[in-house]
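Undergrad:
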Amino acid sequence: MEGRRSEIITLLLVTALVLGFVGYYFASFADFLGLQYISAGLGRLILFIYPTLVVLLSMVFLQKRPTASEVVALAVTYSGIALVISNAMGGSNTHLALGAALCFASAAGYAVYLVASSQVVQRVGSMRFTAYATSVASGFCILQFLLLRPMSALALPVQVYGLAIAMALLSTVLPVFITTEALKRIGANQVALFGALGPVTTLFFGWMGLDEVMTPVQLAGAVLVLAGVVLVTLKAAK
Numbered sequence: 172m173e174g175r176r177s178e179i180i181t182l183l184l185v186t187a188l189v190l191g192f193v194g195y196y197f198a199s200f201a202d203f204l205g206l207q208y209i210s211a212g213l214g215r216l217i218l219f220i221y222p223t224l225v226v227l228l229s230m231v232f233l234q235k236r237p238t239a240s241e242v243v244a245l246a247v248t249y250s251g252i253a254l255v256i257s258n259a260m261g262g263s264n265t266h267l268a269l270g271a272a273l274c275f276a277s278a279a280g281y282a283v284y285l286v287a288s289s290q291v292v293q294r295v296g297s298m299r300f301t302a303y304a305t306s307v308a309s310g311f312c313i314l315q316f317l318l319l320r321p322m323s324a325l326a327l328p329v330q331v332y333g334l335a336i337a338m339a340l341l342s343t344v345l346p347v348f349i350t351t352e353a354l355k356r357i358g359a360n361q362v363a364l365f366g367a368l369g370p371v372t373t374l375f376f377g378w379m380g381l382d383e384v385m386t387p388v389q390l391a392g393a394v395l396v397l398a399g400v401v402l403v404t405l406k407a408a409k
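Listed below in structure tokens is the structure:
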């Protein structure tokens, strides 16, 4: 009995190590690297193909075939995203392929995390697993800093640390725990599809807080994304 418990704990730690690295550290790092070579709009477009990857991974490894409503929701949602950030795809960029590959790698890493963690949280609980995975990712971030940056790089104004703490709590810790709990309740496919709201909320917040232009094409794209999410909501409610 004790040996079995030890095996389960070891398996949990290894799983948290791998998924924390792939889903949080690697996915975030690859995303930020990709944004050095391509625009943020194009980067979001590529990153938000991860719902499709989640559906495909679930079909291959979990024998979960996508339903008709999920297929329709994907088509509607991605049509909306394409409209919202289509203007970001114009122009020439010699590093387009590299940036696109890095953002795709980020999307793939997060898709793997969603599919795998959706199975793990059912056994160990969403809060515990999320704490393990994010701690692992934090450890890799600290290690990267110690290897690549001098300690003097920590000498920053107090305001910078205040903003960093606020962003860490409100934009990282809270959403991560909410996402993991959602994985437990509605599954990876639905969580991934709801994630497509990200580009649209960014669009609206930019319009409200940064005085960015809201064009009719962008509004049409936002409506399509919201329609796709409504399809998922109706399915989950049934």
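Mapping of the sequence shown onto the working numbering: residues 172 to 409, in sequence order.
Beta carbons are placed, not taken as given, at the ideal position from N, Cα and C, and that holds for glycine.
Is Arg356 helix, strand or coil when you go by DSSP?
TA: In the sequence shown, residue 356 corresponds to position 185, counting from 1. Helix, per DSSP.
Undergrad: Buried or exposed: which applies to Tyr332, given that a residue is buried once 16 or more other Cβ atoms fall within 10 Å of its Cβ?
TA: Taking the first residue of the sequence shown as position 1, residue 332 is located at position 161. Classification for Tyr332: exposed.
Undergrad: Check each candidate in Gly280, Val225, Leu254 and name the one with the smallest Cα separation from Ala201.
TA: Your numbering for residue 201 matches position 30 in the sequence shown. Of the listed residues, the one whose Cα sits closest to Ala201 is Gly280.
Undergrad: Beta carbon of Val362, beta carbon of Ala353: below 8 Å?
TA: In the sequence shown, counting from the first residue as 1, residue 362 sits at position 191. In the sequence shown, counting from the first residue as 1, residue 353 sits at position 182. Cβ distance < 8 Å, so Val362 and Ala353 count as in contact.
Undergrad: What residue range is occupied by the uninterrupted alpha helix (DSSP H) comprising Pro454?
TA: Shown here, the chain extends from 172 to 409; a query on residue 454 therefore has no answer.
Undergrad: Between the beta-carbon of Thr186 and the beta-carbon of Val291, is there less than 8 Å?
TA: Residue mapping note: residue 186 aligns to position 15 of the sequence shown, counting from 1. Residue mapping note: residue 291 aligns to position 120 of the sequence shown, counting from 1. Going by C-beta atoms, Thr186 is nearer than 8 Å to Val291.
Undergrad: Touching or not, the segment 190-201 and the segment 269-283, by the rule of three or more beta carbon pairs under 8 Å?
TA: Segments in contact, yes.
Undergrad: Alpha carbon to alpha carbon, how far is Tyr249 from Val396?
TA: For the purposes of this step, residue 249 is identified with residue 78 of the sequence shown, where counting begins at 1. For the purposes of this step, residue 396 is identified with residue 225 of the sequence shown, where counting begins at 1. The straight-line gap from Cα to Cα measures roughly 7 Å.
Undergrad: Helix, strand or coil for Arg236? Go by DSSP, reduced to three states.
TA: Here the question's residue 236 lines up with position 65 in the sequence shown. Looking at Arg236 - three-state DSSP - the assignment turns out to be coil, as it is neither helix nor strand.
Undergrad: Under the rule that 16 or more other beta-carbon atoms within 10 Å means buried, what is Leu318, buried or exposed?
TA: Your numbering for residue 318 matches position 147 in the sequence shown. It is exposed - the Cβ of Leu318 has fewer than 16 other Cβ atoms within 10 Å.
Undergrad: If the criterion is Cβ atoms closer than 8 Å, does the pair Ala268 and Ile217 meet it?
TA: The sequence position of residue 268 within the sequence shown is 97, counting from 1. The sequence position of residue 217 within the sequence shown is 46, counting from 1. The answer is no: Cβ separation not under 8 Å.
Undergrad: Which word fits Phe365, buried or exposed, when buried means at least 16 other C-beta atoms lie within 10 angstroms of its C-beta?
TA: Working through the sequence shown from its first residue, we reach residue 365 at position 194. Buried, by the Cβ-count rule.
Undergrad: Quick one: grab the DSSP three-state call for Phe311.
TA: Within the sequence shown, the letter at position 140 stands for residue 311. In the structure shown, Phe311 sits in a helix (DSSP, three-state: H, G or I).
Undergrad: Skipping 5 residues on each side, what residues in its chain have a beta carbon closer than 6 Å to that of Leu190?
TA: Here the question's residue 190 lines up with position 19 in the sequence shown. Contacts found: Tyr284, Ala287, Ser288, Ala304.
Undergrad: Going by other Cβ atoms of all chains shown within 10 Å of its Cβ, with 16 needed for buried, is Ser229 buried or exposed?
TA: Counting from one through the sequence shown, the residue named residue 229 turns up at place 58. Buried is the call here.
Undergrad: Thinking C-beta only, is Gly399 closer than 8 Å to Ala244?
TA: Here the question's residue 244 lines up with position 73 in the sequence shown. Here the question's residue 399 lines up with position 228 in the sequence shown. Yes, the pair counts as a contact, with Cβ atoms nearer than the cut-off.
Undergrad: Can you tell me the Cα-Cα spacing of Phe203 and Ser210, whole angstroms?
TA: Here residue 203 corresponds to residue number 32 of the sequence shown, with the count starting at 1. Here residue 210 corresponds to residue number 39 of the sequence shown, with the count starting at 1. Straight-line Cα distance between these residues: approximately 11 Å.
Undergrad: Measure the C-alpha to C-alpha separation of Leu183 and Pro328 and round it to an integer number of angstroms.
TA: The sequence position of residue 183 within the sequence shown is 12, counting from 1. The sequence position of residue 328 within the sequence shown is 157, counting from 1. About 39 Å.
Undergrad: Please classify Val231: is it buried, with 16 or more other beta-carbons within 10 angstroms of its beta-carbon, or exposed?
TA: Taking the first residue of the sequence shown as position 1, residue 231 is located at position 60. With fewer than 16 Cβ atoms within 10 Å of its Cβ, Val231 is classed as exposed.
Undergrad: Which value, in whole angstroms, describes the spacing of the CA atoms of Phe311 and Phe192?
TA: As a position in the sequence shown, residue 311 is number 140, starting the count at 1. As a position in the sequence shown, residue 192 is number 21, starting the count at 1. Roughly 7 Å separates the two Cα atoms.
Undergrad: Straight-line CA distance for Glu241 to Val225?
TA: Translated into positions along the sequence shown, residue 241 becomes position 70. Translated into positions along the sequence shown, residue 225 becomes position 54. Cα-Cα distance, rounded: 12 Å.
Undergrad: Quick check on Pro387: buried or exposed, where buried means 16 or more other Cβ atoms within 10 Å of its Cβ?
TA: As a working mapping, residue 387 is identified with position 216 in the sequence shown. So Pro387 ends up on the exposed side.
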